[in-house]
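Let me begin by presenting the structure, written as structure tokens, before commenting on it.
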């Protein structure tokens, strides 16, 4: 049996889910990307108890099909942007469609209907978060970041960054340096 749980892709969340399943005597095969595969069928009482316990931990057991699909789309995008060594070389729509086994138009329409933004906008928001992270680590310059995240140019990345954050990437990095210096001078 497969259960769908809304949680961030993190070791802590995975551990919480595993702990709650174990408490209920449920044996899991996989706990990954919002999907939990358990060996046995779950009773209504176990389902309700799991749902209640997960909610207390800030996690949500999903029951509706659209909600489940949205969480799967989000998980694929978050994994792709934040955790993959490299972004896919195919276009994102093909990648997401292939990964989830659905037609991209269906995925896109469902996502837009439920979230109020389209998949491309969601990807852009996460790419900008990744740019911020890479800027703060100061290991890569803007050209390297643009290349790594498949921007067509540094100016394209800069324009998108400014549109989303209101700041240029260089000013964002400069603010981080100023904050660091201020903390060191305290």
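Numbering (this note's numbering), first residue to last: 364 to 549.
Glycine is no exception: its CB is placed at the ideal position from the N, C-alpha and C atoms.
{"Check": "Under 8 Å by Cβ, that's how I've got residue 523 and residue 480 pegged, so tell me the actual separation to the nearest angstrom.", "Outcome": "Contact flag wrong, Cβ pair sits at about 15 Å."}
{"Check": "According to DSSP, is residue 392 part of a helix, a strand, or is it coil?", "Outcome": "strand"}
{"Check": "Thinking just about the alpha-carbon of each residue, which of 398, 430 and 442 is nearest to the one in residue 475?", "Outcome": "430"}
{"Check": "Looking at the structure shown, is residue 399 part of a helix, part of a strand, or coil, going by DSSP?", "Outcome": "strand"}
{"Check": "Just to confirm the assignment, what range does the beta strand (DSSP E) spanning residue 449 have?", "Outcome": "Careful: residue 449 lies outside any beta strand (DSSP E) and carries neither H nor E."}
{"Check": "Is the beta carbon of residue 418 sitting closer than 8 Å to the one on residue 513?", "Outcome": "no"}
{"Check": "Just checking my contact of residue 380 with residue 422 at CB under 8 Å: how many whole Å lie between their CB atoms?", "Outcome": "7 Å"}
{"Check": "Buried or exposed for residue 399, please, with buried defined as at least 16 other CB atoms from any protein chain shown within 10 angstroms of its CB.", "Outcome": "buried"}
{"Check": "DSSP state of residue 423, grouped into three classes?", "Outcome": "strand"}
{"Check": "By how many angstroms is the C-alpha of residue 378 removed from the C-alpha of residue 409?", "Outcome": "18 Å"}
{"Check": "What are the boundary residues of the alpha helix (DSSP H) that includes residue 458?", "Outcome": "455-463"}
{"Check": "Measure the alpha-carbon distance for residue 535 versus residue 389 and round it to whole angstroms.", "Outcome": "47 Å"}
{"Check": "Residues in the same chain with beta-carbon distance under 6 Å from residue 452, minus the five sequence neighbours each way, listed in chain order, please.", "Outcome": "none"}
{"Check": "Using only CA atoms, which one of 456, 461, 489 and 386 lies nearest to residue 442?", "Outcome": "489"}
{"Check": "So is residue 482 buried or exposed if we call it buried at 16+ other beta carbons inside 10 Å?", "Outcome": "buried"}
{"Check": "Could you tell me which of 504, 519, 516 and 510 sits nearest to residue 537, measuring between CA atoms?", "Outcome": "504"}
{"Check": "In chain order, what are the residue ranges of uninterrupted alpha helix (DSSP H) at least 4 long that sit wholly in the stretch 480-509?", "Outcome": "482-500"}
{"Check": "Residue 475 lies in the alpha helix (DSSP H); which residues open and close that run?", "Outcome": "467-478"}
{"Check": "Using the rule of at least 16 other Cβ atoms within 10 Å of the residue's Cβ for burial, across every protein chain shown, is residue 540 buried or exposed?", "Outcome": "exposed"}
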